[in-house]
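Residues in the sequence shown are numbered consecutively from 53, following the numbering used here.
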Amino acid sequence: MTKPAHPYDNRGSVANCDDYFDDWRARSALAYEDAAVVCGIRYGDGEREAFDLMPGEAPNGDVLVFIHGGYWQWYSRDVFAFIAPAWRARGIHVVNLGYPLAPGASVSTMVAGVTKALMGLRAALAPHVGTVRKVVVSGWSAGGHLAMSAGAQADAVIALSGLYDLRALTGTSLNEALALTQDSAEAMSPALWATSPPGPVMLGVGGGELPALQEQSRTMHDRRVALGLPVCLASWAALHHYSVLDSFSKPGTPVFDDAYRFYTTCTSR
């Protein structure tokens with residue numbers, strides 16, 4: 053392990069993180085070769101306000117939305133299509149959602165955009181897959197935050213390695229692009245809100261992740277419990293920030309199997 057520059061420096065805490073991204077880009081490119089994939093379905097006017105639809109095989113009408121990470125300022129949805137094949141093979145339509153990034157967009161703008169995308173999702177998907185039954189929104193890292201923040205528009209939420217109290221970021225180098233103040237960070241922190249998505253929520257984090265990130269998931273879990281809302285917290289021993297997401301794409305691993313079990317429980321209601 054290398055030495056993190058600050059408590060949320062995931063790249064600095066995992067020596068081979070670039071290997072994960074190389075693999076993910078290669079696997080995502082293969083996922084996009086499927087002729088059934090529909091790219092660039094728009095939900096707004098911004099360049100990144102679009103999503104890619106990866107239809108399920110023998111579909112059952114259920115949808116998994118995935119929101120990528122990158123601390124609200126890096127990457128794009130095309131890097132993360134690799135998560136789709138395993139879910140598609142189980143009859144689930146996968147929506148790989150893009151969103152505008154900082155410094156060009158504020159976190160509040162991102163939350164509003166993702167909320168808008170989820171509100172219009174059923175209508176946007178209808179010409180391609182017909183009637184949508186249940187929608188589960190998932191996300192990793194910053195995407196976990198966005199999934200929780202907009203999760204009231206979905207039937208359930210799967211948030212992996214997320215951040216839910218953004219006040220902790222204001223004193224880090226991450227905030228150079230985000231430009232969060234203490235007030236705006238508090239306003240964009242779902243762990244501090246008086247309300248939370250009413251449907252079931254699964255929070256997950258690796259036991260090998262940075263302590264600050266593990267604490268973020270515990271804080272969000274405790275907030276949901278205090279509000280009397282359905283929540284479960286999974287911690288996967290030895291997994292770090294990147295191996296958590298990698299496992300989300302691979303059946304037979306603890307992350308995928310726990311997430312799929314949660315998904316099927318939520319969508320069978």
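Ideal Cβ positions, reconstructed from N, Cα and C, are used throughout, including at glycine. Since this is a predicted model, take the numbers as computed values, not measurements.
Figure out for me which residue from the options has the closest Cα to the Cα of residue i.
i	options	result
Arg-77	Ala-157, Ala-199, Leu-153 and Asp-298	Asp-298
Ala-88	Val-146, His-292, Val-66 and Ile-135	Val-146
Trp-126	Gln-268, Phe-73 and Val-117	Phe-73
Ala-206	Ser-190, Ala-220, Ser-213 and Leu-218	Ser-190
Gly-251	Ala-211, Thr-222 and Tyr-60	Ala-211
Phe-134	Gly-143, Cys-91, Ala-81 and Val-115	Ala-81
Leu-279	Ser-295, Pro-306 and Trp-245	Trp-245
Buried or exposed: which applies to residue i, given that a residue is buried once 16 or more other Cβ atoms fall within 10 Å of its Cβ?
i	result
Arg-275	buried
Gly-182	exposed
Asp-309	exposed
Asp-217	buried
Taking the alpha-carbon positions, what's the residue i to residue j distance?
i	j	result
Glu-228	Leu-265	20 Å
Glu-261	Gly-304	21 Å
Val-256	His-180	The sequence given here places Gly at residue 256; Val does not occur at that position. Using only the alpha carbons, I get a separation of about 31 Å.
Val-166	Tyr-151	7 Å
Pro-137	Met-106	8 Å
Ser-158	Gly-258	28 Å
Ala-67	Tyr-84	28 Å
Asp-97	Met-272	32 Å
Ala-175	His-58	42 Å
Give the secondary structure of residue i by DSSP, where H, G and I count as helix, E and B as strand, and everything else as coil.
i	result
Val-184	coil
Asn-112	coil
Asn-68	coil
Ala-57	coil
Ala-330	Missing from the structure shown is residue 330; the chain here goes from 53 to 321 and no further.
Asp-298	helix
His-145	strand
Asp-255	It is worth fixing the name first, because residue 255 is Leu in this sequence and not Asp. Leu-255 falls in the strand class under three-state DSSP.
Strictly under 9 Å for the Cβ-Cβ distance: is residue i near chain C by that measure?
i	result
Val-131	Given the protein chain composition of this structure (a single chain), no chain C is represented.
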